[in-house]
Every structure is written in C-alpha cells, then in structure tokens.
Amino acid sequence: MSGIRHRLRPAVTAFLHRLAPRTLRGQLSLVAVTTATLLMLVLTVAFNAVAQHRLQHQADDELRTRAAAVATTIDTSRRTVRVLETSNDALLDTNVWIYAGRRLLEEPPNAGSLTHVTADVDGPLRLCSQPVSADKSGALVVTALDLSPYRSSADTLLMGSLALDGVMLACTYALTRLAVGRALRPVRTMTDQATQWSAVASEERFSSMRHPAELARLGTSLDAILDRIRTLLRHERQLTGELSHELRTPLSRIIAELDWWQTRPRSTDQTHATHKVIADAAQSMRTICDTLLDDARGGTLTAPGTAEVLPALRRLTELPDVPGHLTVTADGPPLLAGIPPALLERIVSPLLTNACRYAHSEVAVRAYRAPDGVRVEVIDDGPGVPRPFASRLFEPGQRADPGDGHHGAGLGLPLARRLARSAGGEVTYDPEHTPGARFVVSLPAG
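As numbered in the working numbering, residues 101 to 546 make up the sequence shown, in order.
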C-alpha cells in the first residue's frame with residue numbers, strides 16, 4: 101500500500117498543478133473564492149444552528165402556552181377532577197391529553213392515530229407535560245405539536261442560505277477578477293510601453309507617469325535597469341565606432357601596399373618592404389584592439405613603459421593621408437612620456453588627422469617639456485572650431501558641420517581625450533588661438 105501511495109502522490113500533485121490557474125488574476129481569484137467559501141461555510145453552519153434552536157424554542161413556547169391555557173379549564177377544587185367545557189374549545193383541545201393520575205380524562209378526536217407519541221418524544225411530534233396545580237390531585241396536561249412546519253422552515257432556510265452562498269461566491273469571483281484586472285491594467289500598460297520603448301529606443305521613463313505606490317517603486321527599479329542597459333548599449337556603440345575609426349588607417353595602409361605591390365612585378369627587397377609595412381599595420385591593428393578592449397573591460401590602459409615623443413610623432417607622418425606641409429618639432433633634449441608608444445600614437449593620431457583634414461596650407465606638431473610633464477601641440481591654419489560648437493567638441497558622435505564633405509563619425513577627439521585621461525593626461529582645445537585650431541595634449545613625464 102505504501103508503494104501505491106508513493107506512486108499516486110506525484111500523479112495527484114501533477115494533476116493539481118494542471119488545474120491551478122496560470123495567471124495572477126486567476127490565482128488571486130481562486131484565493132479569494134476559497135477564503136470566501138470557508139467563511140460562508142462557517143457562517144452558514146452557525147446561522148442554521150441558531151435558526152433551528154430558535155424554531156425549537158418557539159415550538160416549546162407554543163406547547164407551554166397551550167398547556168397553560170388548557171389547565172385553566174380543569175377544576176381540581178373537588179375530590180374528583182373534572183374538565184370544564186367551554187364554547188369553541190375545539191382548537192384548544194387539538195393534540196391535548198388530560199390525565200388525573202393514571203386515568204385519562206380527555207383526549208383529542210384523532211387520538212387513535214397519535215397513541216404512539218407517548219413513546220416517541222423525539223419523532224415528528226414534540227410533547228410537553230405540565231401539572232395543573234401543586235395539590236395532590238395529580239392532574240396533568242400533555243400537549244403535542246407537529247414539527248413538520250418547523251423542519252420545513254429550517255430546510256427552507258438551509259436551502260436559501262446555500263443559494264445565497266452560491267450567489268455570493270459567484271459575485272466574489274467575478275468582482276475579484278474585475279478588481280484584479282483593473283489593478284493589473286497599469287502593469288499591462290507598462291509592459292506595452294517597455295516593448296514600444298525598446299523598439300524605438302525612447303528616452304521615456306516609467307517614473308514620469310502616475311502609478312500606485314507599489315508600481316511606482318517597480319517603475320523606479322525598471323528605470324534603473326533601463327538606464328544600465330542603455331549605458332551598456334551606448335558604450336557598445338561607442339566601442340564599435342572607435343574600433344572602426346581607429347582601424348581605418350592601418351587597413352588603408354595594408355590596402356595601399358597591396359595595390360602598389362600588385363600593379364607590377366616587384367623585386368625581392370621591395371616585396372620584403374611591403375611585407376614589413378603590412379606586418380607593422382597588422383601589429384598596429386592588434387594594439388588598437390587590445391587598447392580599446394582593455395578600456396571597455398575596465399582594464400588598465402596605462403601599461404608600464406615610456407615612449408620617446410619625437411620618434412613616435414614622426415611615425416605618424418608616415419601615414420598615407422598626411423600631407424607634405426606637416427612639420428614636427430621638439431624643443432630641448434629628447435622628451436620621454438610616461439606611456440607606451442602605441443598609446444601615444446593613438447592619442448595624437450585623431451588630432452593630427454583632423455588638422456590635416458581641415459588645414460589650408462600648414463600643420464605643425466610641436467612637443468616640449470612642461471613643469472608637470474610633456475606637452476604636444478597640434479596646430480593648423482584651417483577654419484577652426486565654431487564657437488557655439490566648442491562646448492560639444494569632445495562629445496561622442498558630434499560634428500560641427502556634418503555636410504562639410506569630409507567623412508567622419510565624430511569619435512576621434514572623444515577617443516583621444518578618453519585615452520589621455522586613462523593615462524593620467526588630458527586633451528584640451530584652445531579657443532583663443534586664431535587663425536585655425538590648436539589642440540594640446542598633456543602627458544606625464546617618463
């Protein structure tokens with residue numbers, strides 16, 4: 101038997117799980133109906149018990165009243181007990197027996213069918229015996245009452261209370277579903293809004309709308325999650341744009357070298373030189389990827405090392421897009437910056453690219469020692485930066501004139517500043533310099 105019970109228990113549990121409502125509204129409605137059922141069951145039992153007790157008390161009162169009324173018609177003043185006849189006493193004599201000791205003085209007309217009631221007190225009839233007086237005459241009045249009407253009334257009350265319970269439970273279930281549905285309507289609205297916002301990348305927030313206190317706290321939590329998600333997406337887009345921006349130059353060198361090498365047969369030395377340029381460009385791409393990915397992972401960009409500033413700047417002049425009117429100078433003894441050479445190139449390269457793109461006839465790169473480290477200036481004689489745009493110059497994705505005919509995504513300057521700050525330096529723009537533009541890179545000394 102224990103084995104059968106162990107096998108049946110999982111089946112019964114699974115069956116109950118299938119019957120259980122799967123929605124929150126259904127579950128709350130089931131809880132409300134179950135609670136109301138238990139409460140109404142207790143109230144129904146208590147009400148019917150009180151009603152039955154009350155009906156029985158009324159039956160007893162009627163029996164005692166009739167017995168007292170019949171007792172007034174019995175004369176016990178003489179030695180022989182006799183019943184005084186009154187007019188219209190047929191109703192009074194119904195189901196009434198009068199005894200004098202063991203002698204029956206009077207019985208109802210239908211006594212032949214009621215002789216068994218003396219032995220069936222708890223049957224459909226209820227009996228009441230009452231002495232006529234306190235003397236020794238032994239006169240006794242016995243009244244009987246048919247309980248069928250009372251039991252019918254009790255049954256009617258029971259059926260009525262059960263019907264009322266059914267109606268109340270149905271109303272409770274319907275009203276609970278309606279109330280819970282109305283209470284959950286803001287949740288459905290928030291769900292639809294979240295779906296729409298994720299589709300259109302809206303900047304709306306749940307906390308800006310009026311909700312109940314519980315949903316307001318939920319909306320605040322969801323807003324925090326949305327902010328974190330959007331921050332991560334923004335960082336991802338920024339990283340993708342920076343990778344695309346930084347990898348464009350070494351890829352251009354690789355493509356240019358391959359095109360040059362394929363135009364005509366080359367000697368062995370020229371082939372080796374081409375291989376070296378391609379290998380250097382590939383190594384530069386690897387460095388770029390490592391630098392940006394380390395920054396995205398929260399790693400350390402400032403790997404130990406120093407860079408000779410002038411050789412690193414001159415390597416930038418070897419890029420294919422650099423014009424011939426670029427000059428690179430360094431003041432004083434050989435300058436050392438406290439960052440790796442690849443990171444120095446990554447910081448200065450976007451500034452140099454912008455200067456070469458917008459300069460009219462001259463681009464100058466000058467390095468010199470400062471009291472707190474090393475400075476690198478990138479100066480051009482182009483149109484400069486419009487004053488209204490100067491405050492947004494280092495914001496990702498911002499360009500002063502997107503239709504100026506130059507390609508770009510507005511990521512170079514923000515990347516240069518971010519990389520410089522990660523190394524303990526800074527990139528600034530001098531709005532007072534005219535004509536053209538002047539950018540200053542501040543780096544720790546090596």
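Even glycine gets a Cβ: it sits at the ideal position worked out from N, Cα and C.
None of the values given here were measured: they were computed from a predicted structure.
- Closest option to P488, judged by alpha-carbon separation, among P531, Y458, H460: P531.
- Three or more beta-carbon pairs separated by less than 8 Å are not found between the stretch 244-254 and the stretch 263-274, which leaves the two stretches without contact.
- With contacts defined by Cβ atoms closer than 9 Å, V242 and L227 form a contacting pair.
- Just so you know, the alpha carbons of L258 and M140 end up roughly 13 Å apart.
- Secondary structure at E408: strand, using DSSP grouped into helix, strand and coil.
- Shown here, V267 sits in a helix according to DSSP, grouped into three states.
- Exposed is the label assigned to R179, since fewer than 16 other Cβ atoms lie within 10 Å of its Cβ.
- The DSSP-derived three-state label of V540 is strand.
- Sequence-distant Cβ neighbours of A464 in its own chain, meaning closer than 6 Å and more than five residues away, are T427, I479.
- Put simply, the stretch 434-441 touches the stretch 539-546. At least three CB pairs are less than 8 Å apart.
- Taking a C-beta distance under 9 Å as the contact criterion, E418 and P434 do not qualify as a contact pair.
- T256 is the residue among S233, T256, A169, V196 whose C-alpha sits nearest the C-alpha of F147.
- Taking C-beta atoms under 8 Å as the contact rule, L247 and A159 qualify, at a distance of about 6 Å.
- For the beta strand (DSSP E) assignment, the uninterrupted runs of no fewer than 3 residues enclosed by the stretch 410-459 are, from N- to C-terminal side, 426-430.
- In this structure, DSSP gives G473 an extended state, which the three-state scheme calls strand.
- When the beta-carbon positions are compared, A136 and T272 come within less than 9 Å of each other.
- Judged by DSSP secondary structure, L240 falls within the beta strand (DSSP E) whose first and last residues are 239-246.
- Boundaries of the beta strand (DSSP E) around E206: 203-206.
- S233 and R166 have their C-alpha atoms spaced approximately 15 Å apart.
- In this structure, the beta-carbon distance from A490 to V448 does not fall below 9 Å.
- Between Y529 and V485, the C-beta spacing is below 9 Å.
- Distance from the CA atom of A442 to the CA atom of C389, rounded to whole angstroms, is 11 Å.
- P231 carries a strand assignment under DSSP once its states are collapsed to helix, strand and coil.
- Here P514 is buried: its Cβ has 16 or more other Cβ atoms, across all protein chains shown, within 10 Å.
- Under the three-state reduction of DSSP, R226 is assigned to strand.
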